[in-house]
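One line per chain: the protein sequences are A and B, in this order. So the first sequence is residues 11 to 209, counted in my numbering. So the second sequence is residues 276 to 666, counted in my numbering. See below for the structure under consideration.
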Amino acid sequence: MMNMSSIASLSNITRSEGDPKVIQSGPSSRGIPDSLARGLGWFSLGLGFTELLAPGRITRALGMEGKEALVRAYGVREIGSGILSLSVDKQLGLWSRVAGDGLDIATVMTALRSDNPKRDNVVVALALLLGITAVDVIDAQATTARHSRGAGRRRSYQDRSGFPRGVKASRGAARDFKTPPDLKHAPPLAAVSKRVPAA
Amino acid sequence: MRALVWHGKEDIRCDSVTDPEIQDGRDIIVKVTSCAICGSDLHLFHNLIPAMLPGDVMGHETMGEVVETGRGLNGKVKKGDRVVVPFTIVCGECDQCKRGYFSVCQRSNRKKHLADKVFGHTTAGLFGYTHLTGGYPGGQAEYLRVPFADATVQKVPDGIPDEKLLFLSDIFPTGWQAAVQADIQPTDTVAIWGCGPVGQMAIRSAILLGAEQVVAIDHLPERLEMAEAGGAITINFDDENVVERLNELTEGEGPEKCIDCIGMESHVTPSMPDTVYDRAKQIVLAESDRPHVLREMIYVCRPGGLISIPGVYGGFADKIPMGAAMNKGLTFRMGQTHVQRWTADLLRRIEEEQIDPSFVITHEVPLDKGPEMYRMFRDKQDSCIKVVLKP
């Protein structure tokens, strides 16, 4: 599989001879939770399209014939979660996956009947669902913590005016600047915009 | 050398890369002493602007010392010169450059054919800002090649710290142009959306130019506090209705001048449903930009007023109330900054201590901490407003 470094090497064909080219890559701004979110996002898309396009295979495997429309709807939901998980709003995507996991588990549980000939498959599916739910919860928590503004100390910037002489003395200090003719606007409205008291 | 390199969405790395080389007689190589992360770098971090490629070096706010020169500079820039490198690369000779419209230089974009296709006509080459604007390696690196160096760079004197001069490369002239193109009058109320680094510079510029009232709009307490320190009246949109408050401050007439220092990534919150709508469309690639601020400005601006847009827009935005804009006779002024048009004058104002732009720096770290700082800046953690990197 082509990794990002080899893609960077490939993109060198667009660069001039003397432009910098990557020799060795350093650590990414993407943390492990972010990379896992991307993996889960692609997984969601794969599963979602499978549910959308081949619901019969899933219902037959689980002894849930007749629920194809529901599986398709879950497929659409899964695709939505996948798109969100791959976006910069990945926390939303991951938490929507957790909610979806709950729905999936509740739905598959209904097939855990003693008269279901595919009961063994249902047990395996439930085990997989519980496992993926655990991964989703852990990653949703980690990603949310990593990207939240946090409760850390807030710095005070009340002394940062940027004006060595203070705000009052600086107001209009650049009135010597002559607006270039191409940037002139209509004359000021002040003289005519004062409200006339109602009669 | 080491450089911050784009590898994909939210994936910036401090890589070892080959050193840049002189490619043309008007080139110089700058040993970078300071560089910064710009708010518009976050649009690239989010992969919202097309034509970034894995392996592209980031950064367009840079200064340093000239260590190598091409043979066609005729002594205009020499080894040892201390220079600020504006983010716009300019030839200084084309018709647009001659009239001061440097950000639409006709010659500096070496991938003109791409820009012609996407924008209709080419714009200037920019450092570290996609292959649409030339695919030039950026300045978040130890060394930077500067093309057309005699026209592009601003020489600066020794004895003034980098921190006071670095922002001549972008955010100070950008905030200044935003205010200047609003043609601020002493009776004007100027409303500024966004109290990030460009917003902070626009606030100071509007104060220096003598606006009667400067109103700053944001929702992050630390940014509002910095805006207030600079002389602005603040509106926290989490707590107040922006339109109502602006009308209250202007006796119901609306601000004469509105400045958008946000651009394509307006904050998303359920209390402003159009922002959720925009985000949903953006995620499914049905819209590239989130123009909530534009909508609000058009709605609240005084008829006959002016809307100034320094915030970066990248592609397509919808539900822009053109009916209101047209019927109110609003004037729109926008564009990438013609940095070289303003730098000499702004350098003088720094030297005369009218302003000290270093007020905006909240974090100063070594270059290899850059990837982590991208995330911290984006997530607005630790009251982060402006990051300066030291290679």
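Every residue gets a Cβ at the ideal spot worked out from N, C-alpha and C, and that includes glycine.
Q: Output, in chain order, the set of chain A residues within a Cβ distance shorter than 9 angstroms of residue 291 of chain B.
A: Near residue 291 of chain B (Cβ distances below 9 angstroms), the residues of chain A are 32, 33, 34, 35, 36.
(Q) Just to confirm before moving on: does the CB-CB distance between residue 278 of chain B and residue 338 of chain B stay below 9 angstroms? (A) Between residue 278 of chain B and residue 338 of chain B, the C-beta gap is not smaller than 9 angstroms, which leaves the two residues out of contact.
Q.
Once DSSP output is grouped into helix, strand and coil, what is the label at residue 607 of chain B?
A. Strand at residue 607 of chain B.
Q.
By the three-class DSSP mapping on this structure, what secondary structure does residue 259 of chain B have?
A. Nothing about residue 259 of chain B can be reported from this structure: the residues present for chain B run from 276 to 666 only.
Q. Listed from N- to C-terminal order along the chain, which residues in the segment 574-600 of chain B have their beta-carbon within a distance smaller than 8 angstroms of any beta-carbon of chain A?
A. 577, 579, 581
Q) Thinking C-beta only, is residue 642 of chain B closer than 9 angstroms to residue 415 of chain B? A) yes
Q) Between the segment 467-474 of chain B and the segment 484-494 of chain B, are three or more C-beta pairs nearer than 8 angstroms? A) yes
Q.
Checking 9 angstroms against the spacing of the C-beta atoms, do residue 364 of chain B and residue 411 of chain B come in under that value?
A. yes
**Q.** Backbone secondary structure at residue 177 of chain A - three-state DSSP
**A.** helix
**Q.** chain A within 9 angstroms of residue 552 of chain B, Cβ atoms only
**A.** no
Q) What's the call for residue 601 of chain B, buried or exposed, on a 16-neighbour Cβ count within 10 Å? A) By the 10 Å Cβ count, residue 601 of chain B comes out exposed.
Q. Is residue 207 of chain A helix, strand or coil when you go by DSSP?
A. Unreliable placement is indicated for residue 207 of chain A, whose pLDDT of 49 sits below 50; no coordinate value is reported for it.
Q.
For the structure I just gave you, are there three or more beta carbon pairs, one from the segment 110-127 of chain A and one from the segment 140-156 of chain A, closer than 8 angstroms?
A. yes
Q) Using CA coordinates, which residue listed in A:54, A:168, A:118 is at the minimum distance from residue 658 of chain B? A) A:168
Q | Neighbour-count burial assignment, residue 346 of chain B, 16 or more Cβ in a 10 Å radius | A | exposed
Q.
So residue 221 of chain B and residue 466 of chain B are supposed to be a Cβ contact under 8 angstroms. How far apart are they, rounded?
A. The displayed coordinates of chain B run from 276 to 666. Any statement about residue 221 of chain B would go beyond what the structure contains.
Q: Please name the residues in the segment 163-178 of chain A whose beta-carbon is closer than 9 angstroms to at least one beta-carbon of chain B, in chain order.
A: 163, 164, 165, 166, 167, 168, 169, 170, 171, 172, 173, 174, 175, 177, 178
**Q.** the segment 316-333 of chain B in contact with the segment 441-456 of chain B per 3-pair CB rule at 8 angstroms
**A.** no
Q. Shortest alpha-carbon distance to residue 118 of chain A belongs to which of A:154, A:21, A:75, A:105?
A. A:75
Q.
For the alpha helix (DSSP H) containing residue 322 of chain B, name the first residue and the last one.
A. Counted as a single uninterrupted DSSP element, the stretch harbouring residue 322 of chain B is not any alpha helix (DSSP H), since DSSP gives it neither H nor E.
Q: Taking only the alpha-carbon atoms, compute the straight-line gap between residue 585 of chain B and residue 538 of chain B and give it to the nearest angstrom.
A: About 8 angstroms.
Q. In the structure shown, what three-state DSSP assignment does residue 452 of chain B receive?
A. It is helical.
Q) Going along chain B, which residues have a C-beta under 9 angstroms from residue 182 of chain A? A) 461, 482, 483, 484, 485, 486
Q. Within the chosen definition, does the segment 38-58 of chain A reach the segment 72-88 of chain A through at least 3 CB pairs nearer than 8 angstroms?
A. At 8 angstroms Cβ cutoff, the stretches touch.
Q) Tell me, which residues are paired with residue 73 of chain A by DSSP? A) Under the DSSP definition of a beta bridge, residue 73 of chain A lacks any partner.
Q. With distances taken from CA atoms, which of B:280, B:384, B:634, B:305 is nearest residue 226 of chain B?
A. Only positions 276 to 666 of chain B appear in the structure, and residue 226 of chain B is not among them; the question remains open.
Q.
With a threshold of 9 angstroms between beta carbons, is residue 193 of chain A in contact with chain B?
A. yes
Q | Under 8 angstroms by beta carbon: chain B residues contacting residue 28 of chain A | A | 295, 296, 297, 298, 420
(Q) Using 8 angstroms for Cβ pairs, my map puts residue 434 of chain B next to residue 335 of chain B. What's the rounded Cβ distance? (A) Contact flag wrong, Cβ pair sits at about 26 angstroms.
Q. Whose C-alpha, out of B:550, B:604, B:379, is nearest the C-alpha of residue 409 of chain B?
A. B:379
Q) Between which two residues does the beta strand (DSSP E) containing residue 583 of chain B stretch? A) 581-584
Q: For residue 335 of chain B, name the three-state secondary structure that DSSP assigns.
A: coil
Q.
Counting beta carbon pairs with one atom in the segment 477-484 of chain B and one in the segment 501-516 of chain B, are three or more of them shorter than 8 angstroms?
A. Contact between the segment 501-516 of chain B and the segment 477-484 of chain B is present, with at least three C-beta pairs closer than 8 angstroms.
Q. Looking at the structure shown, is residue 348 of chain B part of a helix, part of a strand, or coil, going by DSSP?
A. Coil.
Q: Go ahead and pull the three-state DSSP assignment for residue 186 of chain A.
A: coil
Q. Which word fits residue 120 of chain A, buried or exposed, when buried means at least 16 other C-beta atoms lie within 10 angstroms of its C-beta?
A. Burial check for residue 120 of chain A: the Cβ neighbour count within 10 Å stays below 16, so the residue is exposed.
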